[in-house]
Amino acid sequence: MKELEIGAELENMEQARAYVTAQLEQAGFEQKQIMEVELAVEEIFCNIANYAYKPEKGDVLIRCQLEESDTCSITIVFIDQGVPYNPLEREDPDVSLGAEEREIGGLGIFLSRALTDSMDYRYEDGKNILTITKEKKEGK
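In terms of full-length UniProt numbering, the sequence shown opens at residue 1 and continues consecutively.
See the structure below:
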């Protein structure tokens, strides 16, 4: 399992994205899937940077683990010690409404869930732990 610990600040988002992208490329994920995971990682990292520690600063630990059995998948875990918050409890935004009519917020997690195969949250030992998984699919 590989991991990266960086400050949960927007200026570090590119470093987080590049770290995950390198793991996906090394595992042979196709470009479309890499782009989907990159977008999910950016949305999740942005939420942690904007809301987990405000007004203080803190770190986020990102772990990547490849699972190779019948299928290949990558599991990405985001761990922070910010304010406890389960994004999966939030109601999905009504995407049938126009942007002006829709309530602000929630679109990033909605999008991240749609772009990954699974998303899980738990709060344990003073830490938010958000886990996403993406299966490697050939020709998709």
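Note that the Cβ used here is the ideal one computed from N, Cα and C, for glycine as well.
Remember, predicted model here, so these are calculated numbers, not experimental data.
**Request:** Alpha carbon to alpha carbon, how far is D125 from T75? Give it in angstroms, no decimals.
**Result:** Those two C-alpha atoms are separated by around 21 Å.
**Message:** Could you tell me the alpha carbon to alpha carbon distance between E25 and K57, rounded to whole angstroms?
**Reply:** Whole-angstrom Cα-Cα distance: 31 Å.
**Item:** Rounded separation between A49 and K127 - CA only
**Value:** So the two alpha carbons sit approximately 15 Å from each other.
**Request:** May I have the straight-line CA-CA distance separating S112 from K136, to the nearest angstrom?
**Result:** Distance between the alpha carbons of S112 and K136 is about 16 Å.
**Asked** Looking at the unbroken alpha helix (DSSP H) that takes in K32, where does it start and where does it end?
**Response** First-last of the alpha helix (DSSP H) with K32: Q31 to N47.
**Prompt:** Between which two residues does the alpha helix (DSSP H) harbouring T21 extend?
**Reply:** Per DSSP, T21 belongs to the alpha helix (DSSP H) from M13 to Q26.
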